[in-house]
Structures are given as C-alpha cells and as structure tokens.
Amino acid sequence: MKPAKIMSISLPPDMQKEVSSVAREERRTVSEVIREAFRQYMALRTVAEIRKQAKKKFGKKMPSLEQINNMVHEGRK
Numbered sequence: 025m026k027p028a029k030i031m032s033i034s035l036p037p038d039m040q041k042e043v044s045s046v047a048r049e050e051r052r053t054v055s056e057v058i059r060e061a062f063r064q065y066m067a068l069r070t071v072a073e074i075r076k077q078a079k080k081k082f083g084k085k086m087p088s089l090e091q092i093n094n095m096v097h098e099g100r101k
C-alpha cells in the first residue's frame, strides 16, 4: 500500500465537533471517519452515474439484471 498523503481540510466548527464526536464514539480517528464518508460519497456518485446512464439508455423501460450488472462493471472501470 502506498503511504498516506496528508491533506488539510476546513470544516465549520459545528461539523468539526460532530466529526470528532463520532470518531470518539466509534473509537476511530477523525481521518478514518472522513475517509469512510468520502468512500460513501463516491459510492453514491457511482450509483447516480449508473442511474443517469440507465435512464439515457433504457428510458422508462426497466433494464434486465444482466444489463444492470454490465453497467455496474463498466462504471467500475
């Protein structure tokens, strides 16, 4: 695994308190909480992009499970 890169981010004070509180409750670092939040954000973006492509390709017609799996596979490339 490549070594981690350090980034600085700015958060409003109330959000910083929430992130710190969640980290304490879950016994994780703030970095771990932020990384997990970003992973979830990226997953939601992928789902939104797949939906957008499906709508463009299939319109209102529901795609088959095989077509959905193919789109997911292509989206991960």
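When the letters of the sequence shown are read in order and numbered with this note's numbering, they come out as residues 25 to 101.
Ideal Cβ placement from N, Cα and C applies to all residues, glycine included.
On a predicted model such as this, the values are computed, not experimentally measured, just so you know.
Please go through the same chain and pick out, in chain order, the residues whose beta-carbon is closer than 8 Å to the beta-carbon of residue i, but skip the five residues on each side of it.
i, result
"residue 73", "99"
Using the C-alpha atoms, what's the distance from residue j back to residue i?
i, j, result
"residue 44", "residue 25", "26 Å"
"residue 35", "residue 86", "41 Å"
"residue 28", "residue 42", "24 Å"
Whose CA, out of the options, lies closest to the CA of residue i?
i, options, result
"residue 75", "37, 62, 41 and 96", "96"
Starting from the C-beta of residue i, find all residues in its chain whose C-beta is less than 6 Å away, skip the five residues before and the five after it, and write them out in chain order.
i, result
"residue 46", "57"
Quiz item: Does the region 55-62 come within contact of the region 79-88, defined as at least 3 CB pairs closer than 8 Å?
Solution: no
Exercise. Run through the region 58-94 for me and flag every whole alpha helix (DSSP H) of 4 or more residues, listed as ranges in chain order.
Key: none
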